[in-house]
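*Asks:*
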Amino acid sequence: MKTKTRTRTSSSLIKAQELQNIKCLLKKRLVGKSDSPILVGLDKPYKTLYDTIERTIRYGESNSTILVGPRGSGKTSLVKKVLYDLNKELSDSYFLLKLSGLVHINDRVALKSIASQLNQNMSLEDNANRSAAEWMNFLISIFQNGDKSSKPVVFILENFELFALQPKQLLLYTLFDIAQSRQAPVVVIGVTSRLNVVDLLEKRVKSRFSHRLINVPLISNIEEFFMIAHNNLLLPFNGQDNIDPKFAQEFNSKTKECLFSSEVSAVLTFIYNLGKDIQLMNKLLMLAVTSIKISNPFISSNQLFSLYQNLITDPKINLLNEVSLLELYLLISIKSLVSAGNIVFNYEMIYDEYKKMANQYIITSTFSGGSIKIYKKEVAFKAYEYLIQIEFIQPCINTNTISSGMFVNDDLHAISSRKKKIVFGSGSNMKEFQMVKLLLDPNEIVKAAESRKDIPMAIRRWFCEI
Numbered sequence: 001m002k003t004k005t006r007t008r009t010s011s012s013l014i015k016a017q018e019l020q021n022i023k024c025l026l027k028k029r030l031v032g033k034s035d036s037p038i039l040v041g042l043d044k045p046y047k048t049l050y051d052t053i054e055r056t057i058r059y060g061e062s063n064s065t066i067l068v069g070p071r072g073s074g075k076t077s078l079v080k081k082v083l084y085d086l087n088k089e090l091s092d093s094y095f096l097l098k099l100s101g102l103v104h105i106n107d108r109v110a111l112k113s114i115a116s117q118l119n120q121n122m123s124l125e126d127n128a129n130r131s132a133a134e135w136m137n138f139l140i141s142i143f144q145n146g147d148k149s150s151k152p153v154v155f156i157l158e159n160f161e162l163f164a165l166q167p168k169q170l171l172l173y174t175l176f177d178i179a180q181s182r183q184a185p186v187v188v189i190g191v192t193s194r195l196n197v198v199d200l201l202e203k204r205v206k207s208r209f210s211h212r213l214i215n216v217p218l219i220s221n222i223e224e225f226f227m228i229a230h231n232n233l234l235l236p237f238n239g240q241d242n243i244d245p246k247f248a249q250e251f252n253s254k255t256k257e258c259l260f261s262s263e264v265s266a267v268l269t270f271i272y273n274l275g276k277d278i279q280l281m282n283k284l285l286m287l288a289v290t291s292i293k294i295s296n297p298f299i300s301s302n303q304l305f306s307l308y309q310n311l312i313t314d315p316k317i318n319l320l321n322e323v324s325l326l327e328l329y330l331l332i333s334i335k336s337l338v339s340a341g342n343i344v345f346n347y348e349m350i351y352d353e354y355k356k357m358a359n360q361y362i363i364t365s366t367f368s369g370g371s372i373k374i375y376k377k378e379v380a381f382k383a384y385e386y387l388i389q390i391e392f393i394q395p396c397i398n399t400n401t402i403s404s405g406m407f408v409n410d411d412l413h414a415i416s417s418r419k420k421k422i423v424f425g426s427g428s429n430m431k432e433f434q435m436v437k438l439l440l441d442p443n444e445i446v447k448a449a450e451s452r453k454d455i456p457m458a459i460r461r462w463f464c465e466i
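Going by the UniProt record's numbering, 1 is the number at position 1 of the sequence shown; the sequence numbering is gapless.
(1) Excluding the 5 residues flanking residue 134 on each side, which residues of the same chain have their C-beta closer than 8 Å to its C-beta?
(2) Quick check on the burial criterion: 16 or more other C-beta atoms within 10 angstroms. Buried or exposed for residue 270?
(3) To the nearest angstrom, how far is it from the Cα of residue 161 to the Cα of residue 229?
(4) Check residue 447 in the structure and name its three-state DSSP category.
(5) To which residues does DSSP link residue 154 through a beta bridge?
(6) Given a cut-off of 8 Å on the beta-carbon distance, is the pair residue 448 and residue 321 in contact?
(7) Can residue 74 and residue 42 be called in contact, C-beta distance under 8 Å?
(8) Just checking my contact of residue 164 with residue 197 at CB under 8 Å: how many whole Å lie between their CB atoms?
(9) Once DSSP output is grouped into helix, strand and coil, what is the label at residue 205?
(10) Between the alpha carbons of residue 18 and residue 28, how many angstroms are there, rounded?
(11) Is it right to say residue 232 is buried, meaning 16 or more other beta carbons lie within 10 angstroms of its own, or is it exposed?
(12) How many Å lie between residue 9 and residue 285 at the Cα?
(13) Kindly identify the DSSP beta-bridge partner or partners of residue 437.
(14) With a threshold of 7 Å on Cβ separation, who are the neighbours of residue 437 within its own chain once the five nearest residues in sequence on each side are excluded?
(15) For the putative contact between residue 224 and residue 40, defined by C-beta atoms under 8 Å, what is the C-beta separation to the nearest angstrom?
(16) Could you have a look at residue 296 and say whether DSSP puts it in helix, strand or coil?
(17) What is the DSSP secondary structure of residue 330, reduced to helix, strand or coil?
(18) Verify whether the separation of the beta carbon atoms of residue 23 and residue 294 is less than 8 Å.
(19) Anyone know if the C-beta pair for residue 14 and residue 305 falls short of 8 Å?
(20) If you compare alpha carbons, which of 227, 91, 439, 157 is closest to residue 65?
(21) Hey, could you find the ends of the beta strand (DSSP E) residue 68 is sitting in?
(22) Please report the distance separating the alpha-carbon of residue 334 from that of residue 432.
(23) How far does the beta strand (DSSP E) with residue 213 in it extend, from its first residue to its last?
(24) Among 297, 339, 309, 260, whose alpha-carbon lies nearest the alpha-carbon of residue 280?
(25) Name the DSSP beta bridge partners of residue 477, please?
(26) Give the secondary structure of residue 481 by DSSP, where H, G and I count as helix, E and B as strand, and everything else as coil.
(27) When the Cα of residue 383 is compared with those of 179, 328, 259, which residue comes out closest?
(28) Quick one: residues in its chain with C-beta nearer than 6 Å to the C-beta of residue 152, no 5 flanking neighbours on either side, listed in chain order?
(29) Helix, strand or coil, according to DSSP, for residue 45 in the structure here?
(30) Please work out which residues of its chain come closer than 8 Å, Cβ to Cβ, to residue 49, disregarding the five sequence neighbours upstream and downstream, and give them in chain order.
(31) Please go through the same chain and pick out, in chain order, the residues whose beta-carbon is closer than 7 Å to the beta-carbon of residue 243, but skip the five residues on each side of it.
(32) Rounded to whole angstroms, what is the Cα-Cα separation between residue 69 and residue 25?
(33) Count the other C-beta atoms from every protein chain shown that fall within 10 angstroms of the C-beta of residue 338, then say buried if there are 16 or more, exposed otherwise.
(34) Which residue's Cα is closest to the Cα of residue 452: 169, 259, 323, 210?
(35) Alpha carbon to alpha carbon, what distance is there between residue 296 and residue 250?
(36) On a CA-only basis, which of 373, 105, 348 is nearest residue 358? Give me that one, please.
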């Protein structure tokens with residue numbers, strides 16, 4: 001008797017905990033929290049940085065260098081990868097001290113952090129009132145007591161340019177001076193996206209800096225861009241991270257198929273041409289990773305394309321679909337003014353257009369089963385102010401100018417204006433005469449109105465005439 005062979009479905013290859021491990025692994029990689037990031041196109045700066053730090057740890061050589069590159073070029077990932085590889089052999093052979101210009105906003109805070117990371121036994125009460133100079137002297141004394149045989153220290157200074165903008169640059173002077181004196185093995189690594197960061201250094205700081213710069217370039221071609229996307233979603237299939245190797249292989253295969261499909265390829269190509277924005281790409285991939293479920297644990301091209309459409313949608317468009325009926329009436333009136341050739345307009349013009357629209361179709365709407373309510377001017381003005389608040393419309397720069405409007409002629413080549421200047425008194429309230437301009441695409445107003453079920457039929461007919 002023949003028995004049917006039961007094939008395991010994709011969802012049966014993975015359990016809930018495994019899926020959670022996978023999502024955690026991929027998310028860490030996409031937000032730059034992975035201890036061992038996968039680098040693409042950074043072989044040369046990797047080798048230079050690795051050799052610099054390795055020579056300090058192995059041979060006691062002191063040095064200083066700055067990693068310079070545009071945002072998103074992979075500077076932080078490069079540092080993490082170098083330290084990860086060094087730790088495989090030399091994990092207990094050096095001290096690692098990390099500082100950030102965003103966190104350590106002055107020398108005193110930075111020096112206290114250095115002392116804390118060095119794990120010195122110090123009295124907190126005595127340290128609380130120490131000045132920056134006293135902290136600096138303490139730091140210098142630590143390294144003056146050392147020699148070539150002392151345990152090496154690796155300083156990583158993220159947002160290096162912010163340290164250079166601090167007055168006197170006392171911290172940078174001290175660290176570079178320690179590295180130059182070679183009393184104890186120290187290497188200072190600055191990380192910055194400011195290309196002219198060396199010009200920010202004072203003359204005395206420059207004299208102690210080695211002037212070694214490691215350039216970290218952006219990716220050079222679209223193939224590297226696709227490779228980064230693929231590597232960020234790659235699962236290890238050697239049994240690590242408690243991930244089933246069979247599922248990992250299937251996941252990698254389907255992910256590659258998804259990324260190189262025509263829809264997703266077009267999306268990634270667009271992001272690349274937009275400015276090689278790896279962070280935007282990772283944000284899209286993060287949404288895709290977040291949305292995978294136990295019932296369908298793979299990323300599909302349709303899913304990724306749909307997430308991209310939602311990602312690039314202007315938040316104002318979503319907000320446009322949530323405005324009140326009165327606010328939408330005012331936007332429709334603005335659309336009518338724009339269609340008539342007005343570039344700028346004021347509340348009086350908008351409200352007059354709104355009343356004109358309502359009065360014109362009040363009889364029609366009665367027979368069509370709808371109704372257009374004419375709100376009081378004061379009530380409608382509140383809605384008008386809200387449209388300014390959410391930046392659907394924007395006041396013009398010259399707030400002391402009251403105008404009857406600015407018009408574009410039929411051939412759209414000449415602009416004429418009729419303006420009347422009025423100096424506002426301190427007690428006058430002339431907001432309704434202040435000129436504003438539309439910040440939305442007029443066609444989006446029509447789309448939003450057409451999708452609303454509470455819009456009277458008379459207004460829908462009016463769309464065809466403007």
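Ideal Cβ placement from N, Cα and C applies to all residues, glycine included.
*Replies:* Quick look at the numbers:
(1) Within the sequence shown, residue 134 is the residue found at index 134, counting from 1. Around residue 134: no qualifying Cβ.
(2) The residue you call residue 270 lines up with position 270 of the sequence shown. Residue 270 is exposed by the Cβ-count criterion.
(3) Locating residue 161 in the sequence shown gives position 161, where the first residue counts as 1. Locating residue 229 in the sequence shown gives position 229, where the first residue counts as 1. Distance between the alpha carbons of residue 161 and residue 229 is about 30 Å.
(4) To locate residue 447, count along the sequence shown from 1; it is residue 447. Three-state DSSP puts residue 447 in a helix.
(5) As a first step, residue 154 is located in the sequence shown; it is residue number 154 there, counting from the start. Residue 154 pairs with 96, 187.
(6) Position 448 of the sequence shown, counting from 1, holds the residue named residue 448. Position 321 of the sequence shown, counting from 1, holds the residue named residue 321. Cβ atoms of residue 448 and residue 321: closer than 8 Å.
(7) Here the question's residue 74 lines up with position 74 in the sequence shown. Here the question's residue 42 lines up with position 42 in the sequence shown. In this structure, residue 42 lies closer than 8 Å to residue 74 by Cβ.
(8) Locating residue 164 in the sequence shown gives position 164, counting from the first residue. Locating residue 197 in the sequence shown gives position 197, counting from the first residue. Cβ atoms of residue 164 and residue 197 come within 8 Å of each other, at about 6 Å.
(9) In the sequence shown, residue 205 corresponds to position 205, counting from 1. Under the three-state reduction of DSSP output, residue 205 falls in the helix class.
(10) By one-based count along the sequence shown, residue 18 stands at place 18. By one-based count along the sequence shown, residue 28 stands at place 28. For the pair residue 18 and residue 28, the Cα-to-Cα distance works out to about 15 Å.
(11) As a working mapping, residue 232 is identified with position 232 in the sequence shown. By the 10 Å Cβ count, residue 232 comes out buried.
(12) To locate residue 9, count along the sequence shown from 1; it is residue 9. To locate residue 285, count along the sequence shown from 1; it is residue 285. Interpretation of residue 9 is limited by its pLDDT of 47, a score under 50 that renders its predicted location unreliable; no figure is taken from the coordinates.
(13) Sequence index remark: in the sequence shown, residue 437 carries index 437 (1-based). In DSSP, residue 437 forms a bridge with 394.
(14) Indexing the sequence shown from 1 puts residue 437 at position 437. Cβ neighbours of residue 437 beyond the five flanking positions: 343, 344, 393, 394, 396.
(15) Translated into the one-based positions of the sequence shown, residue 224 becomes position 224. Translated into the one-based positions of the sequence shown, residue 40 becomes position 40. The beta carbons of residue 224 and residue 40 sit about 5 Å from each other, so the pair counts as a contact at 8 Å.
(16) Residue 296 sits at position 296 when you count from the first residue of the sequence shown. Residue state, collapsed to three classes: strand.
(17) In the sequence shown, residue 330 corresponds to position 330, counting from 1. Under the three-state reduction of DSSP output, residue 330 falls in the helix class.
(18) Residue 23 sits at position 23 when you count from the first residue of the sequence shown. Residue 294 sits at position 294 when you count from the first residue of the sequence shown. For the 8 Å CB-CB criterion, residue 23 and residue 294 do not form a contact.
(19) Here residue 14 is taken as the residue at index 14 of the sequence shown, counted from 1. Here residue 305 is taken as the residue at index 305 of the sequence shown, counted from 1. No, they are not a contact pair.
(20) In the sequence shown, residue 65 corresponds to position 65, counting from 1. Selected option, being the one with the closest Cα: 157.
(21) Within the sequence shown, residue 68 is the residue found at index 68, counting from 1. Per DSSP, the unbroken beta strand (DSSP E) holding residue 68 starts and ends at 63-68.
(22) For the purposes of this step, residue 334 is taken as the residue at position 334 of the sequence shown. For the purposes of this step, residue 432 is taken as the residue at position 432 of the sequence shown. The alpha-carbon atoms of residue 334 and residue 432 are separated by roughly 14 Å.
(23) As a first step, residue 213 is located in the sequence shown; it is residue number 213 there, counting from the start. Note, residue 213: beta strand (DSSP E), 213-215.
(24) Mapped onto the sequence shown, residue 280 falls at position 280. Among 297, 339, 309, 260, the Cα nearest to that of residue 280 is on 309.
(25) Summary: the structure shown does not reach residue 477, with the chain confined to residues 1 through 466, and so no result is reported for it.
(26) This structure leaves residue 481 out entirely; the chain is present only between 1 and 466.
(27) In the sequence shown, residue 383 corresponds to position 383, counting from 1. Comparing Cα-Cα distances from residue 383 to each of 179, 328, 259, the minimum goes to 328.
(28) Counting from 1 along the sequence shown, the entry for residue 152 is found at position 152. Here residue 152 has 56, 57, 94, 185 as same chain residues with Cβ atoms under 6 Å from its own Cβ, once five neighbours each way along the sequence are excluded.
(29) Translated into positions along the sequence shown, residue 45 becomes position 45. In the structure shown, residue 45 falls within a helical segment according to DSSP collapsed to helix, strand and coil.
(30) By 1-based counting over the sequence shown, the position of residue 49 is 49. So the qualifying residues of the chain are 65, 67, 78, 79, 82, 189, 214.
(31) Here residue 243 is taken as the residue at index 243 of the sequence shown, counted from 1. For residue 243, where only same-chain residues beyond five positions count, the Cβ hits under 7 Å are 18, 21, 22, 235, 236.
(32) For this step, residue 69 is matched to residue 69 along the sequence shown. For this step, residue 25 is matched to residue 25 along the sequence shown. In a straight line, the C-alpha of residue 69 is about 27 Å away from that of residue 25.
(33) If you number the sequence shown from 1, residue 338 lands on position 338. The residue is buried, with at least 16 neighbouring Cβ atoms inside 10 Å.
(34) For the purposes of this step, residue 452 is identified with residue 452 of the sequence shown, where counting begins at 1. Nearest option by C-alpha distance: 323.
(35) Against the sequence shown, residue 250 aligns to sequence position 250. Against the sequence shown, residue 296 aligns to sequence position 296. Across the structure, residue 250 and residue 296 are spaced so that their CA atoms are roughly 13 Å apart.
(36) For the purposes of this step, residue 358 is taken as the residue at position 358 of the sequence shown. It is 373.
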